[in-house]
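Every position in the sequence shown, counted from 1, becomes a number in my numbering once 916 is added.
Working notes for the structure below.
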Amino acid sequence: MKSASKNKTALLIIDILIILFGIAGLYQNYIKATLPFSITTSNNHLIITSVEKNVTGISIGDTVLTIDNNKLTDWEEAEMLTDGKYIGDEVNVKIRKAGAEFTKPVLLINFYSIAELALMAVVGFTFIIMAIFLRLKASENRSALVLRKYGRNAA
């Protein structure tokens, strides 16, 4: 009996650690920055496909040449470049519009909306709470072990 009690305590400690890591991951998503426009790659060029309402001087169809003097060939490089920056940081974007090139400073914005973050939190924590509950109530049940495994992956 003592062994089962120690096992439950150890599992609860692990679950608490998983929840803390989930919160840390959610915070990392909360502070993730991105450009105030969306881009896609076309023939090794970054083409702007949408622009936030408060951004002026940049239009859909413009081509991004560089960001902070870094020549980029696909949108993933742009995302990697902004990963090292914070929301509100200013980056200089060199753009080609109708044959003319110019550099425009833009402020980075949140990558995820509050609704997306809330959805991540609800889904992740629903799985982990269900897994904890099932593990405590049905510790020998194989289904509880499977849900617990997938709950950890979701968080």
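Beta carbons: idealized from backbone N, C-alpha and C, even for Gly.
Measure the C-alpha to C-alpha separation of residue i and residue j and round it to an integer number of angstroms.
i: Thr-956; j: Asp-990; result: 7 Å
i: Asp-1005; j: Ala-1047; result: 40 Å
i: Glu-968; j: Gly-1000; result: 21 Å
i: Ala-1016; j: Tyr-1002; result: 29 Å
i: Asn-959; j: Thr-950; result: 22 Å
i: Ile-930; j: Phe-1043; result: 15 Å
i: Gly-977; j: Leu-1023; result: 20 Å
i: Gln-944; j: Ile-934; result: 15 Å
i: Asn-923; j: Leu-1052; result: 10 Å
i: Ala-926; j: Thr-979; result: 55 Å
i: Met-917; j: Leu-928; result: Its pLDDT being 43, under 50, Met-917 is placed unreliably by the model, and nothing is read from it.
i: Ser-1029; j: Asn-970; result: 16 Å
Tell me whether the beta-carbon of residue i lies closer than 8 Å to the beta-carbon of residue j.
i: Ile-983; j: Ile-974; result: no
i: Thr-1019; j: Lys-1010; result: yes
i: Leu-1033; j: Leu-942; result: yes
i: Arg-1012; j: Leu-988; result: no
i: Pro-952; j: Ile-1045; result: no
Measuring CA to CA, which of the options is closest to residue i?
i: Ile-939; options: Ala-1037, Thr-998 and Ser-1029; result: Ala-1037
i: Glu-992; options: Asn-923, Phe-1041 and His-961; result: His-961
i: Leu-936; options: Phe-1049, Tyr-946, Val-1007 and Phe-1041; result: Phe-1041
Leaving aside the five residues before and after residue i along the sequence, list all residues of the same chain whose C-beta is less than 7 Å from its C-beta, in chain order.
i: Phe-1027; result: Lys-948, Ala-949 and Thr-950
Take residue i and list the residues in its own chain whose beta-carbon comes closer than 6 Å to its own, dropping the five residues that flank it on each side.
i: Ser-954; result: Thr-965 and Ser-966
i: Asn-1008; result: Asp-984, Thr-1019 and Pro-1021
Check whether the Cβ of residue i lies closer than 8 Å to any Cβ atom in chain B.
i: Asn-970; result: Although the question refers to chain B, the structure presented lacks it and comprises just one protein chain.
Near residue i, which residues of its chain fall below 8 Å by C-beta distance, leaving aside the five closest residues on each side in sequence?
i: Glu-995; result: Thr-950
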